[in-house]
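Chains C and G supply the protein sequences, listed in that same order. The first sequence lines up with residues -4 to 334 when you count with the numbering used here. The second sequence lines up with residues -4 to 334 when you count with the numbering used here. Think of the CB as a built atom: it goes at the ideal place given N, C-alpha and C, for glycine as much as any other residue. Just so it is clear, the structure is predicted and the values come from calculations on it, not from any experiment. Presented below is the structure to which this report refers.
Number of protein chains: 2
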Amino acid sequence: MSGSEEAGERVGPIAHGGDLDAAAALFPHAEQPWIDLSTGINPVPYPCPPLEASAFRRLPSRADLQSLRAAAAEAYGVADPDRVVAAPGTQILIETLPRLRPLSRVAVVAPTYGEHEAAWLRGGHAVTMVSDVEAAEGAEVVVVVNPNNPDGRTWAPARLLDLAAGLAARGGWLVVDEAFIDLEPAESLAPRPMPGLVVLRSFGKTYGLAGIRLGFAVTDPALAQRIGEALGPWAVPGPAIAIGRAALADMPWLREAALARHADAMRLDRLLACRGGRVVGGTCLFRTAAFDDAPGLFRRLGAAGIYVRRFEADPRWLRFGLPADKGEWCRLSRVLKPA
Amino acid sequence: MSGSEEAGERVGPIAHGGDLDAAAALFPHAEQPWIDLSTGINPVPYPCPPLEASAFRRLPSRADLQSLRAAAAEAYGVADPDRVVAAPGTQILIETLPRLRPLSRVAVVAPTYGEHEAAWLRGGHAVTMVSDVEAAEGAEVVVVVNPNNPDGRTWAPARLLDLAAGLAARGGWLVVDEAFIDLEPAESLAPRPMPGLVVLRSFGKTYGLAGIRLGFAVTDPALAQRIGEALGPWAVPGPAIAIGRAALADMPWLREAALARHADAMRLDRLLACRGGRVVGGTCLFRTAAFDDAPGLFRRLGAAGIYVRRFEADPRWLRFGLPADKGEWCRLSRVLKPA
Chain C
-4 MSGSEEAGER VGPIAHGGDL DAAAALFPHA EQPWIDLSTG INPVPYPCPP LEASAFRRLP
56 SRADLQSLRA AAAEAYGVAD PDRVVAAPGT QILIETLPRL RPLSRVAVVA PTYGEHEAAW
116 LRGGHAVTMV SDVEAAEGAE VVVVVNPNNP DGRTWAPARL LDLAAGLAAR GGWLVVDEAF
176 IDLEPAESLA PRPMPGLVVL RSFGKTYGLA GIRLGFAVTD PALAQRIGEA LGPWAVPGPA
236 IAIGRAALAD MPWLREAALA RHADAMRLDR LLACRGGRVV GGTCLFRTAA FDDAPGLFRR
296 LGAAGIYVRR FEADPRWLRF GLPADKGEWC RLSRVLKPA
Chain G
-4 MSGSEEAGER VGPIAHGGDL DAAAALFPHA EQPWIDLSTG INPVPYPCPP LEASAFRRLP
56 SRADLQSLRA AAAEAYGVAD PDRVVAAPGT QILIETLPRL RPLSRVAVVA PTYGEHEAAW
116 LRGGHAVTMV SDVEAAEGAE VVVVVNPNNP DGRTWAPARL LDLAAGLAAR GGWLVVDEAF
176 IDLEPAESLA PRPMPGLVVL RSFGKTYGLA GIRLGFAVTD PALAQRIGEA LGPWAVPGPA
236 IAIGRAALAD MPWLREAALA RHADAMRLDR LLACRGGRVV GGTCLFRTAA FDDAPGLFRR
296 LGAAGIYVRR FEADPRWLRF GLPADKGEWC RLSRVLKPA
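As structure tokens, then:
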């Protein structure tokens, strides 16, 4: 995993944001309560509908699962729900894909979310990290995160579709992880059926409900069925089905969330610039900036009880999630504003 | 899958109980509402504690997961929590184990829950169905469900530990699926550390909360870690962690549940005998009985809105879960009592 761009302090195979226990271990005397800005999860969650007891009690039925897939298809502009697979989080889809192919040459466009490289390596494939999709020549599988985490790079649909067509012609796959696309102006490839194209969509980040574990793959129906079989029956918990179905159908909430989070992201950029941050990019759920003394700022933030994301590959970078409310904005401003 | 004992009407790879949509398709004019006796899930669920919003919102932390593993270790009599892996349901553990071994000769003690055979076959292993553990000679992996589903057969711990020792000596595994052991007098192997022994424990059946998806493997720490890595980070949803932690610590509830369900099981046996059923066995969450005209009884029950489990391998068998309340007992009695 020496090539991974995601590993900060290493706890287990890959360290991720969102683990406040790790933060507390690093900063035992930090201001309380912790403000967790180390993830890209919407801090204003979808208001969960009251859940029926049966969601907890019954095994999810095939009809339950099909209605969730239909809701996702509708939300993602996919004409055929048979192209949609639901999973308990995108992570398990990232783990599953490498098991559904013979050993292949895989190119991951980097720097990006570290679990892609890790999963293909665990599956025994030959993995190269490349700087852009054009550098992936000769690969049988190309993985690109669009928009990218942590730098927010995006790729035009036409460019990715060309790449997918080339890969498909030799039995390859293009995996496009659109984990952060819901609230962005970028155009999703989910509505575009194409052999060998696998689009991943995350639920928990956009809807601020990362705990329920819900994600989707959109691909051709034959591969969708193979992924579904690999996940086995009852892979998605009842509460996640009920919440996902309701939230995915609520387009007005999504539009409001996009507007509000874009305003937050712009506010965060101004704040980071104040402190000498050069914003590298991001999405409206996180902003990545370079600082002359990023390690020093990381420590000052940590001491103030604010946990942000570091990157082993580029120690000048820090990634900031969005503060949840006025109190969190105030505490962040206090540390970031020049004295 | 021609050797599977679980396949009733075939919907997808293996048909399972619990899918009332399948029942409704078979009996479109059935009495309403349906009584689902096709599973072995406790009809009186654990009273869920109120869940904190953070269980839905935050990614489950390592500390959350560790506290769940500690609660399971305590409940299952396991001294070392590092021997416990938590998963989103036992099914995914059944799917995962075959991927963690080189291709092996696998013996599954049958008739039993069909997903074991199916998962090892999907993993490319050579699978034989055997009638008892002694017939598994030459196998590198033996799978036994104890107590067994659907017939309730049990194996003495000493016999299974001998078998495990023999398998371990040649690098093999003994997989003991104790999905139904919680409420039984049978002795679990979970507290007995032994190389190559993998014990599976199910949460949803005992606690009547199959929808949340929670199960555990108990094995040696090295294999436990490999299973955990295969499941990836955040495999268990936040609500399942919160509910599991509370329920597993509640021993008084478990004792009461065992007494109440045993009384129910005895009542069900009497009712089945009334109708000419010869009880084959079962656990206190389901009873399996042979009938001279099982297909006819299945149809009469279905027409009355009561869905039970059939078995392809033995068409004389029907498996009955427990009715949930007085109304359900009455409706079942009406169909089962001789006219």
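Can you give the Cα-Cα distance for L218(C) and K321(C), rounded to whole angstroms?
As a first step, residue 218(C) is located in the first sequence; it is residue number 223 there, counting from the start. As a first step, residue 321(C) is located in the first sequence; it is residue number 326 there, counting from the start. Straight-line Cα distance between these residues: approximately 46 Å.
Rounded to the nearest angstrom, what separates P44(G) and R52(C) at their Cα positions?
On the second sequence, residue 44(G) is found 49 positions in, with the first residue counted as 1. On the first sequence, residue 52(C) is found 57 positions in, with the first residue counted as 1. Going by the C-alpha atoms only, they are around 14 Å apart.
Using a Cβ cut-off of 9 Å, pull out every chain G residue sitting near T34(C), in sequence order please.
Within the first sequence, numbered from 1, the residue matching residue 34(C) stands at position 39. Residues of chain G passing the Cβ test: R53 and L54.
Does the CB of S49(G) have a neighbour CB from chain C at under 9 Å?
Reading the second sequence from its first residue, position 54 is the one you call residue 49(G). Yes - at least one Cβ of chain C is within 9 Å of the one on S49(G).
Secondary structure, beta strand (DSSP E): runs of 3+ residues fully inside the segment 36 to 112 of chain G:
79 to 82 and 100 to 104
Go to T201(G), then tell me how far its alpha helix (DSSP H) extends in each direction, as first and last residue.
Working through the second sequence from its first residue, we reach residue 201(G) at position 206. Note, T201(G): alpha helix (DSSP H), G199 to Y202.
For E112(G), decide whether its Cβ has a neighbour in chain C, counting only Cβ atoms nearer than 9 Å.
Here residue 112(G) is taken as the residue at index 117 of the second sequence, counted from 1. No, because no Cβ of chain C sits closer than 9 Å to the Cβ of E112(G).
Can you tell me where the alpha helix (DSSP H) holding W229(C) begins and where it ends?
As a working note, residue 229(C) is residue 234 in the first sequence. Element bounds for W229(C): n/a, residue is neither H nor E.
Would you mind reading off the limits of the alpha helix (DSSP H) that contains F293(G)?
Residue 293(G) sits at position 298 when you count from the first residue of the second sequence. A289 to A298 is the extent of the alpha helix (DSSP H) around F293(G).
Please state whether the Cβ-Cβ distance between V125(C) and A102(C) is less than 9 Å.
Residue mapping note: residue 125(C) aligns to position 130 of the first sequence, counting from 1. Residue mapping note: residue 102(C) aligns to position 107 of the first sequence, counting from 1. Contact: yes.
For A134(C), tell me which candidate among P145(C), H120(C), V140(C) and A82(C) has the shortest Cα-Cα distance.
Start at 1 with the first residue of the first sequence, and residue 134(C) comes out as number 139. Checked all of P145(C), H120(C), V140(C) and A82(C); the closest Cα to A134(C) is H120(C).
Between the CA atoms of P42(G) and W168(C) - distance to the nearest angstrom:
By 1-based counting over the first sequence, the position of residue 168(C) is 173. By 1-based counting over the second sequence, the position of residue 42(G) is 47. One C-alpha to the other measures close to 46 Å.
According to DSSP, is M246(G) part of a helix, a strand, or is it coil?
Taking the first residue of the second sequence as 1, we reach residue 246(G) at position 251. Helix at M246(G).
Tell me the rounded alpha-carbon separation between R265(G) and W312(G).
What you label residue 265(G) is simply residue 270 of the second sequence in a count that begins at 1. What you label residue 312(G) is simply residue 317 of the second sequence in a count that begins at 1. Spanning the two alpha carbons is a distance of roughly 17 Å.
Going along chain C, which residues have a C-beta under 8 Å from G203(G)?
Sequence index remark: in the second sequence, residue 203(G) carries index 208 (1-based). Residues of chain C whose Cβ lies closer than 8 Å to the Cβ of G203(G) are, in chain order, R52.
Can we say the segment 315 to 331 of chain C touches the segment 263 to 282 of chain C, given the rule of at least three CB pairs closer than 8 Å?
yes
With distance defined between alpha-carbon atoms, name the residue in P83(C), F175(C), R165(C) and L63(C) nearest to T107(C).
Residue numbering aside, residue 107(C) sits at position 112 when the first sequence is read from its first letter. Closest option to T107(C), Cα to Cα, is F175(C).
Classify L350(C) as helix, strand or coil using the three-state DSSP reduction.
Outside the displayed span of chain C (-4 to 334) sits residue 350(C), for which this structure offers no information.
Using CA coordinates, which residue listed in A131(C), P180(C) and D245(C) is at the minimum distance from P142(C)?
The residue you call residue 142(C) lines up with position 147 of the first sequence. When only C-alpha atoms are compared, the closest one is P180(C).
Give a yes or no on whether the C-beta atoms belonging to C269(C) and P333(C) are separated by under 9 Å.
Residue mapping note: residue 269(C) aligns to position 274 of the first sequence, counting from 1. Residue mapping note: residue 333(C) aligns to position 338 of the first sequence, counting from 1. Cβ atoms of C269(C) and P333(C): closer than 9 Å.
Strictly by DSSP, which residues pair up with A151(G)?
Taking the first residue of the second sequence as 1, we reach residue 151(G) at position 156. Answer is none; A151(G) lacks a bridge partner.
Only counting the same chain, and skipping five residues up and downstream in sequence, which positions put a Cβ closer than 8 Å to that of R329(C)?
Translated into positions along the first sequence, residue 329(C) becomes position 334. A299.
In chain C, what lies closer than 7 Å to H11(G) by C-beta?
Taking the first residue of the second sequence as 1, we reach residue 11(G) at position 16. Residues of chain C passing the Cβ test: P228.
Beta-ladder partner(s) of F211(C), from DSSP
Locating residue 211(C) in the first sequence gives position 216, counting from the first residue. F211(C) is bridged by DSSP to A81(C) and R196(C).
Pull up the distance between the alpha-carbon of P145(C) and that of G109(C), whole angstroms please.
Within the first sequence, numbered from 1, the residue matching residue 145(C) stands at position 150. Within the first sequence, numbered from 1, the residue matching residue 109(C) stands at position 114. Taking the straight line from one Cα to the other gives about 10 Å.
If R78(C) and D215(C) are in contact, beta carbons under 8 Å, what's the gap, nearest whole angstrom?
Here residue 78(C) corresponds to residue number 83 of the first sequence, with the count starting at 1. Here residue 215(C) corresponds to residue number 220 of the first sequence, with the count starting at 1. About 7 Å separates the two Cβ atoms, so the contact holds.
For a cutoff of 9 Å on Cβ pairs, would you count I89(G) as touching chain C?
Here residue 89(G) is taken as the residue at index 94 of the second sequence, counted from 1. At least one chain C Cβ lies under 9 Å of I89(G).
Contact check, R305(G) vs P290(G), beta carbons under 9 Å
Translated into positions along the second sequence, residue 305(G) becomes position 310. Translated into positions along the second sequence, residue 290(G) becomes position 295. Yes, they are a contact pair.
Please confirm whether Q86(G) has its beta-carbon closer than 9 Å to some beta-carbon of chain C.
Taking the second sequence and counting its residues from 1, one reaches residue 86(G) at position 91. Chain C contact via Cβ: present.
Could you check which residue in L184(G), F286(G) and P190(G) has the C-alpha nearest to that of G166(G)?
Mapped onto the second sequence, residue 166(G) falls at position 171. The candidate whose alpha carbon is nearest that of G166(G) is P190(G).
Are the CB atoms of V194(G) and S183(G) nearer to each other than 9 Å?
On the second sequence, residue 194(G) is found 199 positions in, with the first residue counted as 1. On the second sequence, residue 183(G) is found 188 positions in, with the first residue counted as 1. Contact: yes.
What are the boundary residues of the alpha helix (DSSP H) that includes V330(C)?
Here residue 330(C) is taken as the residue at index 335 of the first sequence, counted from 1. K321 to L331 is the extent of the alpha helix (DSSP H) around V330(C).
Within the 9 Å Cβ cut-off, does G316(C) reach chain G?
Residue numbering aside, residue 316(C) sits at position 321 when the first sequence is read from its first letter. So no, G316(C) is outside the interface.
Is it buried or exposed for D59(G), if we count other Cβ within 10 angstroms and need 16 for buried?
Here residue 59(G) corresponds to residue number 64 of the second sequence, with the count starting at 1. D59(G) comes out buried.
When Cβ atoms are compared, which residues of the segment 175 to 191 of chain G fall closer than 8 Å to chain C?
none
Quick check on this structure: which residue in A18(G), R240(G), I30(G) and S56(G) has the alpha carbon closest to the alpha carbon of W375(G)?
With chain G represented from -4 up to 334, any question about residue 375(G) goes unanswered, as that position is not in the structure.
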